[in-house]
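Here the sequence shown is numbered in the numbering used here, starting from 25 and rising by one per residue.
Glycine included, every Cβ here is placed at the ideal spot set by N, Cα and C.
Treat the numbers as computed from the prediction; the structure is a model and nothing was measured.
For reference, the structure discussed in these notes is given below.
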Amino acid sequence: MTIAVIGSNMVDLISYTHRMPAEGETIEAPDFRMGCGGKGANQAVVASRLGAEVVMVSRVGNDIFADSTLQNFEDNGISTKHVLRTDATSGVAPIFVDPDSRNSIIIVKGANALLTPDDVERAREDIARCELIVLQLEIPLETVYAAVALGNELNIPVLLNPAPASPALDLDRIRDVSFLVPNETELELLTGMPVASLDDVTKATQVLLAAGISNVVVTLGERGALWARADGETLIEATQVRPIDTTGAGDAFIGCFSTSWVGSRDVESAIRASNEYAAASVTRHGTQTSYAWADGRLPE
Ligand code: RIB
């Protein structure tokens, strides 16, 4: 199983707070953790831990965060051949998690904002060996569009996780993706439709199907995930857990879905496995620190 992840990496700076500060207020937080993150890197690390060979195309800066990110890819069995050093700061993500496990994230893209269509083209030979291309939106949209076009040219299915939500995303240029995997907020922004009920979510997915996307998988947190395609929709319910940190749960889902789908070509069973994997991840702190290996092993 070989999967290309063309996307971001960040260093996550996570503060566990009693509450969010008001404007102009300083508050004390009881706990802090730092770890490797970024939606692209998180999804790549999950895929690798679950047994896929990952071709990672990304950019780091020229600071100490770059060194730890490169080391982290290597430690997770991901080649850094296409992870380019850039004369910029590395991506960082200050994150705040409250006692109800809700998170707020600020991303500073740094080098991620400089990943270009040429970088994708330079990795063409290795991407051509892959069975799936996985994309998110923490890199420039033109680079995302170039990767979708390359996938079509090479006849490789493409999965796009439209996160974080971007109003500038041009549906016409991503209509050829095989899988679009938004959460409810991203679905609302993409379609301009309400997503309060399951019925609303289903109607919103129809807009995307009508635009030409073959499969829309909406992640719904503790409600599970809705898979919509031309011939109908299926709700696949989630395993219920007590969450302590939901940061990176969407990435856990996508990394697991990518690996499971490439292995089985069965969307429903891949969603079932991903619901379970993501649910387990929210019972642990952090992003990559919450992702298990296929044998159940956890990071120390
Ligand atoms: O999806 C979670 C990720 O979003 C974090 O790791 C953070 O880096 C941001 O990219």
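Quick one: is the Cβ of residue i within less than 6 Å of any heavy atom of ligand 1?
| i | result |
| --- | --- |
| residue 311 | yes |
| residue 30 | no |
| residue 275 | yes |
| residue 61 | yes |
| residue 207 | no |
| residue 34 | yes |
| residue 272 | yes |
| residue 66 | yes |
| residue 117 | yes |
Determine the closest residue to residue i out of the options, with distance taken between C-alpha atoms.
| i | options | result |
| --- | --- | --- |
| residue 45 | 257, 120 and 201 | 120 |
| residue 26 | 73, 317, 53 and 57 | 73 |
| residue 245 | 300, 65 and 164 | 300 |
| residue 159 | 67, 311 and 298 | 67 |
| residue 287 | 71, 55, 60 and 36 | 71 |
| residue 184 | 265, 255, 138 and 275 | 275 |
| residue 34 | 232, 112 and 47 | 112 |
By DSSP, does residue i sit in helix, in strand, or in coil?
| i | result |
| --- | --- |
| residue 57 | strand |
| residue 317 | coil |
| residue 31 | coil |
| residue 48 | coil |
| residue 290 | coil |
| residue 207 | strand |
I'd like to confirm something about residue i: is its beta-carbon nearer than 6 Å to some heavy atom of ligand 2, or not?
| i | result |
| --- | --- |
| residue 130 | In the structure on display, ligand 2 does not appear, and the ligands it does have are ligand 1. |
Are the beta-carbon atoms of residue i and residue j separated by less than 7 Å?
| i | j | result |
| --- | --- | --- |
| residue 166 | residue 191 | no |
| residue 117 | residue 30 | no |
| residue 28 | residue 154 | yes |
| residue 241 | residue 273 | no |
| residue 57 | residue 248 | no |
| residue 197 | residue 169 | yes |
| residue 225 | residue 219 | yes |
| residue 103 | residue 85 | no |
Apply the 10 Å Cβ neighbour rule to residue i and answer buried if 16 or more other Cβ atoms are within range, or exposed otherwise.
| i | result |
| --- | --- |
| residue 236 | exposed |
| residue 50 | exposed |
| residue 329 | The chain is shown from 25 up to 324; residue 329 falls before or after that span and cannot be answered. |
| residue 126 | exposed |
| residue 321 | exposed |
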